[in-house]
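Q:
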Amino acid sequence: MTDTQILFLGFGLVATAIVAVVGSQLAPADANSTVVPPKRRWNWAAGAAFATVVTLGLLFQSLGLDEGPPSGVRIGGVGIGVLCAALAALVAYVLNGDEARGPRWRIAGVVFTAGVTALAVVVMIAV
Numbered sequence: 140m141t142d143t144q145i146l147f148l149g150f151g152l153v154a155t156a157i158v159a160v161v162g163s164q165l166a167p168a169d170a171n172s173t174v175v176p177p178k179r180r181w182n183w184a185a186g187a188a189f190a191t192v193v194t195l196g197l198l199f200q201s202l203g204l205d206e207g208p209p210s211g212v213r214i215g216g217v218g219i220g221v222l223c224a225a226l227a228a229l230v231a232y233v234l235n236g237d238e239a240r241g242p243r244w245r246i247a248g249v250v251f252t253a254g255v256t257a258l259a260v261v262v263m264i265a266v
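Residue numbers (this note's numbering): 140 to 266.
Below, the structure is given as structure tokens:
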């Protein structure tokens, strides 16, 4: 493994742990209570961690880190694609303003992962 791959893997592990904790905190409570059932909290944490691993794997593939350090042009192209995915996620978050906080973030996360997936497909076709 190259240094870049090791750094990306370390970043991925830290990011996954952070997102899992945040995901567990965003889990919605029961309808007539403020208590979040433990099973739901764990499901939300696992879902957030899984989405993070998928997204980071797609970014790893899009950057071509399996082939060595990426070129500046590739980094720039993938960076613009990630910004577009983030903008789409922000729009989805704003448009779902009538939802509770947790489901809004979940929808935004799904849209972001879908955007990064589309980016990975485009990069794979273009290269």
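Note that beta-carbon positions come from the ideal geometry of N, C-alpha and C, so glycine has one too. What you are looking at is a predicted structure, and each value in this text was computed from that prediction instead of being measured.
What's the C-alpha gap between Ile145 and Asn171?
A: Taking the sequence shown and counting its residues from 1, one reaches residue 145 at position 6. Taking the sequence shown and counting its residues from 1, one reaches residue 171 at position 32. Cα to Cα, Ile145 sits roughly 46 Å from Asn171.
Q: Measuring CA to CA, which of Leu234, Arg243, Gly248 and Val255 is closest to Pro167?
A: By 1-based counting over the sequence shown, the position of residue 167 is 28. Comparing Cα positions, the closest option is Arg243.
Q: In the DSSP assignment, find the alpha helix (DSSP H) that holds Thr256 and state where it starts and stops.
A: Numbered from its first residue, the sequence shown carries residue 256 at position 117. Counting along the chain, the alpha helix (DSSP H) containing Thr256 begins and ends at Arg240 to Ala265.
Q: Skipping 5 residues on each side, what residues in its chain have a beta carbon closer than 6 Å to that of Gly248?
A: Within the sequence shown, numbered from 1, the residue matching residue 248 stands at position 109. Closer than 6 Å at the Cβ level, and outside the excluded window around Gly248, lie Ala190.
Q: Taking the CB atoms as reference points, tell me whether Phe251 and Thr194 lie closer together than 9 Å.
A: As a first step, residue 251 must be located in the sequence shown, where it is residue number 112. As a first step, residue 194 must be located in the sequence shown, where it is residue number 55. Yes.
Q: Use the C-beta contact count for Leu202: other C-beta atoms within 10 angstroms, 16 or more gives buried, fewer gives exposed.
A: As a working note, residue 202 is residue 63 in the sequence shown. Classification for Leu202: buried.
Q: What span of residues does the alpha helix (DSSP H) with Ala187 cover, start to end?
A: Taking the sequence shown and counting its residues from 1, the one referred to as residue 187 is at position 48. Pro177 to Leu202 is the span of the alpha helix (DSSP H), which, as asked, contains Ala187.
Q: Should the region 182-189 be regarded as contacting the region 150-163, the criterion being three or more beta carbon pairs within less than 8 Å?
A: Short answer: they touch.
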